[in-house]
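>
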DNA sequence: ACAAAAGTGTTATCGCTACACCCATGT
DNA sequence: ACATGGGTGTAGCGATAACACTTTTGT
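Chains as they are written, first to last, in my numbering: chain Y, 112 to 357; chain X, 112 to 357.
(1) Less than 9 Å separating the beta-carbons of residue 191 of chain X and residue 229 of chain X?
(2) Looking at the secondary structure, which residues open and close the alpha helix (DSSP H) in which residue 291 of chain X lies?
(3) For residue 203 of chain Y, write down the residues that DSSP places opposite it in a beta bridge.
(4) Please state the DSSP three-state secondary structure of residue 54 of chain X.
(5) Can you list, in chain order, the residues of its chain with a C-beta nearer than 8 Å to that of residue 305 of chain Y? Leave out the 5 residues immediately preceding and following it.
(6) Just how far apart, CA to CA, sit residue 172 of chain X and residue 158 of chain X?
(7) Can you grab the Cα-Cα spacing for the pair residue 237 of chain Y / residue 164 of chain Y, in whole Å?
(8) Tell me, please, whether the CB atom of residue 182 of chain Y is closer than 9 Å to any CB atom in chain X?
(9) Pick from Y:183, Y:315, Y:276: whose alpha carbon is nearest that of residue 212 of chain X?
(10) So residue 338 of chain Y packs on residue 288 of chain Y, CB below 8 Å; how close in whole Å?
(11) What does the alpha-carbon distance come out to for the pair residue 315 of chain X and residue 307 of chain X?
(12) Under 9 Å between C-beta atoms, does residue 354 of chain X make it to chain Y?
(13) From which residue to which residue does the beta strand (DSSP E) around residue 142 of chain Y run?
(14) Label residue 318 of chain Y either buried or exposed according to how many other C-beta atoms from any shown protein chain fall within 10 Å of its C-beta, with 16 as the threshold for buried.
(15) In terms of residue numbering, what span does the alpha helix (DSSP H) encompassing residue 189 of chain Y cover?
(16) Ends of the beta strand (DSSP E) at residue 339 of chain Y?
(17) Looking at the secondary structure, which residues open and close the beta strand (DSSP E) in which residue 272 of chain X lies?
(18) Identify each residue in the segment 248-273 of chain X for which the Cβ-Cβ distance to at least one residue of chain Y is less than 7 Å, and report them in chain order.
(19) Looking only at C-alpha atoms, which of X:326, X:352, X:194 sits nearest to residue 243 of chain X?
(20) Looking at the unbroken alpha helix (DSSP H) that takes in residue 313 of chain Y, where does it start and where does it end?
(21) Does residue 244 of chain X come out as helix, strand or coil in the three-state DSSP assignment?
(22) Flag residue 201 of chain X as yes if its beta-carbon sits less than 9 Å from any beta-carbon of chain Y, otherwise no.
(23) Looking only at its chain, what residues have a beta carbon closer than 7 Å to the beta carbon of residue 197 of chain Y, apart from the 5 residues adjacent to it on each side?
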């Protein structure tokens with residue numbers, strides 16, 4: 112005789128608790144990767160053009176079903192790696208989506224992850240589908256397949272909050288960057304403007320930037336100092352009551 | 112012939128893309144409800160004692176498998192309602208957990224939700240398992256079944272951040288409360304102390320509290336004014352650049 | 001009278017805002 | 001010479017922290 116939820120779970124909350132346990136193991140789980148980059152003062156999203164139905168021709172966020180013997184986080188990292196070749200990239204979970212009818216092929220619960228990649232680390236892969244992958248500006252998103260519009264919006268909201276409290280913005284910058292570039296990045300993410308003098312003072316007062324003794328070159332204005340994010344200094348800051356605060 | 116992931120998804124990221132689609136629909140999805148209350152200056156967690164293996168005798172956070180035709184959010188609300196009788200309660204998603212081996216009965220991805228309930232709304236249900244449900248202090252958590260320890264910790268971290276930016280603390284208070292009670296609540300959640308004078312000034316300056324013209328009664332000290340959270344006033348505050356801020 | 005918590009006022013300080021100004025480079 | 005962005009100083013304002021003090025109740 113088949114086990115029921117009551118047998119297995121040891122408790123039950125619904126009137127239908129005598130349902131055979133097998134009925135519940137009919138879900139698929141997918142991960143969707145909101146891969147964000149930063150280029151020319153704009154935050155970019157990596158999208159894939161769909162080659163087949165449903166939503167053929169539309170673009171979607173890269174994602175895949177989680178394998179039966181694969182950790183969910185691993186699946187997200189796999190998708191990212193297969194697409195960009197990148198590993199050990201900042202990635203964090205955003206939200207799970209579990210509407211019954213959200214996917215046409217069946218009951219698929221998806222979990223959104225977003226990762227931040229530095230443009231100078233990313234080399235487009237020469238894979239069979241390189242033609243179908245491209246960056247779009249998050250300020251001008253095209254229509255996306257499935258519920259990806261919502262997933263992306265939520266991830267961007269998440270990012271806006273998190274970027275103020277954790278030093279994740281640096282993931283989007285080259286290793287060496289100027290304060291001006293950093294400011295433009297934060298302005299792009301948060302969709303605001305900062306006073307230059309005040310922004311620098313705030314950032315420098317956190318003492319998490321290290322002065323590389325290098326300068327910008329060949330720019331049509333006074334060259335800026337290049338800084339580097341100092342992880343150790345950040346650890347120290349974390350343990351103060353101020354902490355990182357945009 | 113059976114469809115494969117390639118047929119269905121329109122793209123593929125792994126070397127194993129010719130796997131029949133059925134292989135992926137073997138997951139179960141569950142919801143776990145971190146139900147938090149507040150009593151006598153302490154934040155409390157509702158736990159259920161498990162009657163069967165695995166983890167028989169241990170306490171766990173209430174949860175259940177999501178039904179094949181049920182929205183995930185609906186499942187979380189169902190668990191809460193069946194357990195407490197409460198509906199329309201503040202509930203928000205915390206995080207999804209997708210480790211392969213996290214559950215002994217099979218591949219179960221779980222999503223943690225937390226809800227905040229006011230002790231004066233909650234009436235324990237006279238159900239068959241009322242004996243097995245009780246509140247524990249979050250400062251003195253007993254060992255929990257499965258990975259519930261982690262799930263609860265993460266939810267509490269989440270709460271700490273969110274409670275500073277959104278007026279969700281009021282969900283844990285009675286409809287009418289004193290500023291002292293409110294202060295104690297925030298101190299309990301955030302595990303800090305506030306200066307009484309400064310706390311009141313900050314809270315009152317937000318103008319989201321309404322003075323009921325009532326007072327505390329039968330207390331062995333000067334009776335305090337009773338306030339009520341004013342949702343409309345909060346909406347107004349939301350649209351200012353200050354907004355709600357602890 | 002005393003304890004206990006409510007409730008108020010003051011001061012000093014810190015951080016943030018706004019804005020003015022100078023500097024170095026390429027064209 | 002000029003445009004462009006880098007880089008700095010300061011004055012004023014507002015929020016916050018620290019602390020002292022008064023008020024009202026029950027015992």
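Backbone N, C-alpha and C fix where the C-beta goes; we use that ideal spot for every residue, glycine too.
Because the structure is a prediction, the values reported are computed rather than measured.
Considering the structure as presented:
(1) no
(2) 290-301
(3) Y:225
(4) Outside the modelled stretch of chain X, which goes from 112 to 357, sits residue 54 of chain X, for which no answer is possible.
(5) 294, 297, 298
(6) 5 Å
(7) At residue 237 of chain Y, the pLDDT of 49 sits below 50, so the modelled position is not reliable; the number obtained from the coordinates is stated separately. Cα to Cα, the separation comes out at about 24 Å.
(8) yes
(9) Y:183
(10) 6 Å
(11) 12 Å
(12) no
(13) 139-150
(14) exposed
(15) 183-195
(16) 336-340
(17) Where residue 272 of chain X is concerned, there is no enclosing beta strand (DSSP E), although the alpha helix (DSSP H) it sits in stretches over 259-276.
(18) none
(19) X:194
(20) 307-316
(21) strand
(22) no
(23) 191, 228, 232, 233
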